[in-house]
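Visitor: There's a structure below that I have some questions on.
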Amino acid sequence: MKYGGILLVMLAAILWGITGGIANILMNKGWDPIVISFYRGAVGLICVLFWFLLRTKQNWPRASSVYLWSTLAGIGVAGNFTFYFLSIEASSIAIAATLMYTAPVFVLLVSFLLRIERSTWTKWGSIILVLIGIILLTGAYKSGSSSVTLLGIATGLGAGLSYALFIFSFKKSSALTKPQTTLTIAFFAFCLILSLFMDSQEAISVLTSSDIWWFILLGLVGAGISFVLYVIGINWTAPSTASMIAMVEPVTASLFGVLLLNDSLTFVQVIGMVLILVTITILSVKQSE
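Just add 12 to the spot in the sequence shown (first one is 1) and you have the numbering used here.
And the structure:
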C-alpha cells in the first residue's frame, strides 16, 4: 500500500505538470486562459461527481461548515487554475509552475498571522531563501528590465496564494467529511465563479470546435483523474513523502516546456528554480514531521 500510494501521488503530480503544457498549446491556438481554466474544472467536476455518486449516502455532508470550507476550496482552485494559466501566457510554464510551488510559504505566513504556528529563525530563513530564488528566477535583480513581466510574476504568485487557500480549506473540510464530497462542492463552486468572468460565447464555441478533445484531455489530466489519484494516494503516503513527491509537478512542467514547446531558461534562472524547489520541499517535509 505504501509504494502504491507513492506511485499514485507521483502520477498525479506528473499529470498536473503535463496540464500546463496542454494549456499552453490551447493558448497558442488563441483560446482565452479563463475559458481553458473553466473547462479544466468542469471536466473535473463530472469526474468527482461520478466518484461522489458511487456512495451518495456515505458521502452526503451533515455539517453546515463543510459547505463553507468546500466553497473556499473552490475559490482557491478557481484562482489557482486561472492565475497559473495567465502566468504561463505572460512568462513560461517553468516559471509559472515554480512560482505556484511557493504555496507552502503562504500557508506558513498565514499560520504565523493566525498564531497557529510558532515563528522560528529556520522558517524565516526558508522564506528568505525562497524570495532570493524568486528574484533569480524572474530576473528581478537586473537594474534594467526583468526577464519576466510583472504580470507573469504577479499571476504566478497569485496561483501559489490560491493554492494555499485550497490546501487550508480542503484540510478543514476533509476533516468533517469525505474528500470526494469536498471536491464535488469545490468544483461546483469553481464552475459558478468562473462562469461569471469568462467569455460565454467563446466557452460555448468550444463545444463545436475541433479543439474540444484538447479541452477534455486537459480536464481529465489536470483535474478529474489526477485529483482522484492524489486523494487516494495521500491516504497511503506519509505527508513528508508526499511533499517530496510533489516536486515532480514543476519539474515535469519545466521539462514539457523546454523539450516540447521550445521554452528556455538561463543558468541563473535554473539556480533560482532549484533554490525554490529544494527549500520548499525541505520546509514541507519538516512541517509534515
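Just so it is clear, CB atoms sit at the ideal spot from N, CA and C, and this is done for glycine as well.
Bear in mind the structure is a predicted one, so any value in this text is a computation, not a measurement.
Measuring CB to CB, does residue 81 end up less than 8 Å from residue 184?
Guide: A contact, by the Cβ cut-off of 8 Å.
Visitor: Can you tell which of 93, 79 and 136 has the C-alpha that lies nearest to the C-alpha of residue 51?
Guide: Nearest option by C-alpha distance: 93.
Visitor: By Cβ distance, which residues of its chain are closer than 7 Å to residue 286, with the 5 residues on each side in sequence left out?
Guide: So the list is empty, once near-sequence residues are dropped.
Visitor: Starting from residue 128, follow the alpha helix (DSSP H) in both directions and report where the run begins and ends.
Guide: Segment: none, residue 128 is in no alpha helix (DSSP H) and carries neither H nor E.
Visitor: Quick one: Cα of residue 63 to Cα of residue 146, how far?
Guide: Roughly 38 Å between the two C-alpha positions.
Visitor: Within a Cβ cutoff of 6 Å, which residues of the same chain sit near residue 24, ignoring the five residues on either side of it in sequence?
Guide: Contacts found: 238, 241 and 242.
Visitor: Could you give the uninterrupted runs of the alpha helix (DSSP H) lying entirely in the region 220-260, keeping only those of 4 residues or more?
Guide: Counting only runs of 4 or more, we get 224-231, 237-246 and 251-257.
Visitor: Closest by CA to residue 204, which one among 134, 54, 259 and 136?
Guide: Cα-wise, what sits closest to residue 204 is 54.
Visitor: Report the three-state DSSP secondary structure of residue 43 (helix, strand or coil).
Guide: Coil, per DSSP.
Visitor: With DSSP run on the structure shown, which of helix, strand or coil describes residue 151?
Guide: Residue 151 falls in the coil class under three-state DSSP.
Visitor: Which residues in the same chain have their Cβ closer than 8 Å to the Cβ of residue 232, if we skip the five residues on either side of it in sequence?
Guide: 55 and 59, listed in sequence order.
Visitor: Of the choices 65, 73, 113 and 45, whose alpha-carbon is the least far from that of residue 29?
Guide: It is 113 whose Cα lies nearest to the Cα of residue 29.
Visitor: Please classify residue 89: is it buried, with 16 or more other beta-carbons within 10 angstroms of its beta-carbon, or exposed?
Guide: It is buried - the Cβ of residue 89 has at least 16 other Cβ atoms within 10 Å.
Visitor: Can you give me the C-alpha to C-alpha distance between residue 216 and residue 227, rounded to a whole angstrom?
Guide: Their Cα atoms are separated by approximately 12 Å.
Visitor: Considering Cα atoms alone, identify which of 229, 280 and 77 is closest to residue 34.
Guide: Ranking 229, 280 and 77 by Cα distance to residue 34 puts 229 first.
Visitor: Distance check for residue 119 and residue 61, CA to CA, integer angstroms please.
Guide: The straight-line gap from Cα to Cα measures roughly 28 Å.
Visitor: For residue 148, which option in 291, 294 and 284 has the closest C-alpha, if you only look at C-alpha atoms?
Guide: Taking only the C-alpha atoms, the option nearest residue 148 is 284.
Visitor: Using the Cα positions of residue 202 and residue 212, report the straight-line distance between them to the nearest angstrom.
Guide: In a straight line, the C-alpha of residue 202 is about 15 Å away from that of residue 212.
Visitor: From what residue to what residue does the alpha helix (DSSP H) around residue 112 run?
Guide: Its alpha helix (DSSP H) spans residues 105-112.
Visitor: When the Cα atoms are used, what is the spatial distance from residue 132 to residue 263?
Guide: If I take the Cα positions, the gap works out to 29 Å.
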